[in-house]
Amino acid sequence: MASKSQETGERLSDETAPTARLTKRGLRTRTALVKGAAAVFARDGFLDARITDICREAKVAYGTFYTYFQSKEEIFREVILDVQEDMATAHTSLPTASLPTADAAPWDLVEFSNRQYLVAYRRNAKLMATLEQVATFNEEIRQQRLDLRNRFVNRNAKAIARWQEQGIADPDLDPVYAANALGQMVDRFAYTWFVLGQEFDEELAVETLTRLWLQALGVDHGRHRARPATDSENPAPGSIPSA
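In my numbering, each number is its position in the sequence shown, counted from 1, plus 1349.
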């Protein structure tokens, strides 16, 4: 029977939870535990997730858990590492022909990045919701959340700085601050959509986020729509324009 400290995920001593030698079988078991944990955290959240449920999902004995992980917090960090990698590198699984080149137009680059981020967020929405929850009370998880953001911020800041050097983006903007602000816009939009459940049309969402992104930087994207004429600009026949 599990002790109270084991079931609550309290950190155990190194003697109690030795590091496993990752043979092929051990690696398969560890991978199964991480996948099982991802399913349980996505379903139950962090606070209600139990190690017994993770083991049941992974189809391993309860005691096996402590061969590979010392606590619920530790395996959650491992799950989030997988989420980070999926969020940041999802585009690498796409055919090369579908990827924009480095010298592509800003619109194409930003539209592609926004679309891939939304697709990856949708795929990981339940775990992202759990991550947001745990980051409010666990310092290591909070840092992981920042690390995930910083991967996107750093990449976007480099693109903004490059456009400033090319003379197509507002030179007075700080690239890092701008990348943080614009990234937060896309991230919270995704949270509202995929976690809170507000419905949006995907194509219109991607277009709107891309338009706002580039216009905030002062980049002329060339995608302006014709503005409908007002009644004052096209008066009805026989009417007298106002002075």
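No residue lacks a Cβ here, since even glycine has one placed at the ideal position from N, Cα and C.
Can you tell me which of the options puts its alpha carbon nearest to the alpha carbon of residue i?
{"i": "LEU1561", "options": "THR1541, ILE1424, PRO1520 and ALA1528", "result": "ALA1528"}
{"i": "THR1557", "options": "PHE1461, GLN1513 and LEU1497", "result": "PHE1461"}
{"i": "ALA1386", "options": "ARG1426, THR1416, ALA1484 and ARG1374", "result": "ARG1426"}
{"i": "LEU1467", "options": "ALA1539, THR1559 and HIS1570", "result": "ALA1539"}
{"i": "ARG1379", "options": "TYR1411, ARG1464, ASN1503 and PRO1449", "result": "TYR1411"}
{"i": "ASP1521", "options": "VAL1568, ARG1491 and LEU1553", "result": "VAL1568"}
{"i": "ASP1496", "options": "GLY1375, ASP1393, ARG1392 and ASP1431", "result": "ASP1431"}
{"i": "ARG1504", "options": "ALA1478, LEU1480 and THR1438", "result": "THR1438"}
{"i": "GLN1564", "options": "TRP1512, THR1485, TRP1542 and GLN1493", "result": "TRP1512"}
{"i": "HIS1570", "options": "ILE1490, GLY1546 and ILE1517", "result": "ILE1517"}
{"i": "VAL1544", "options": "ILE1400, ALA1478 and ASN1487", "result": "ALA1478"}
{"i": "ASN1487", "options": "GLN1433, GLY1546 and GLU1423", "result": "GLU1423"}
{"i": "GLN1492", "options": "ASP1393, GLN1433 and ALA1391", "result": "GLN1433"}
{"i": "VAL1535", "options": "ALA1510, GLY1375 and PHE1501", "result": "PHE1501"}
{"i": "ILE1429", "options": "LYS1384, ASP1519 and ARG1537", "result": "LYS1384"}
What separation, rounded to the nearest whole angstrom, lies between the Cα atoms of residue i and residue j?
{"i": "VAL1409", "j": "LEU1382", "result": "8 Å"}
{"i": "GLU1406", "j": "ARG1377", "result": "14 Å"}
{"i": "GLN1515", "j": "PRO1455", "result": "11 Å"}
{"i": "GLN1355", "j": "THR1413", "result": "At GLN1355, the pLDDT of 44 sits below 50, so the modelled position is not reliable; the number obtained from the coordinates is stated separately. Computed Cα separation, rounded: 12 Å."}
{"i": "LEU1476", "j": "THR1416", "result": "24 Å"}
{"i": "ALA1388", "j": "ALA1554", "result": "28 Å"}
{"i": "ASN1473", "j": "ALA1451", "result": "27 Å"}
{"i": "GLU1481", "j": "ARG1494", "result": "8 Å"}
{"i": "GLN1419", "j": "PRO1449", "result": "43 Å"}
{"i": "ILE1403", "j": "GLU1551", "result": "34 Å"}
{"i": "TYR1526", "j": "LEU1566", "result": "11 Å"}
{"i": "GLU1489", "j": "ARG1572", "result": "43 Å"}
{"i": "LEU1531", "j": "LYS1507", "result": "14 Å"}
{"i": "ASN1463", "j": "ILE1400", "result": "36 Å"}
{"i": "THR1541", "j": "GLN1547", "result": "6 Å"}
{"i": "ASN1499", "j": "GLN1533", "result": "11 Å"}
{"i": "ALA1453", "j": "THR1485", "result": "39 Å"}
{"i": "GLY1375", "j": "ARG1392", "result": "26 Å"}
{"i": "PHE1549", "j": "THR1559", "result": "15 Å"}
{"i": "ILE1509", "j": "ARG1537", "result": "21 Å"}
{"i": "LEU1371", "j": "ASP1457", "result": "43 Å"}
{"i": "ASP1519", "j": "ARG1471", "result": "32 Å"}
{"i": "PHE1390", "j": "GLN1465", "result": "24 Å"}
Are residue i and residue j touching if we call contact CB-CB under 8 Å?
{"i": "VAL1331", "j": "PHE1395", "result": "Because the chain in this structure spans residues 1350 to 1592, residue 1331 falls outside the shown range and cannot be described."}
{"i": "ALA1398", "j": "LYS1373", "result": "no"}
{"i": "ALA1469", "j": "ASP1435", "result": "yes"}
Ignoring anything shorter than 4 residues, give me the alpha helix (DSSP H) runs that lie fully in the stretch 1455 to 1541, in order along the chain.
1455 to 1472, 1474 to 1483, 1488 to 1514 and 1524 to 1539
Every unbroken alpha helix (DSSP H) inside the stretch 1380 to 1456 [4 residues or more]:
1400 to 1407, 1414 to 1417 and 1421 to 1438
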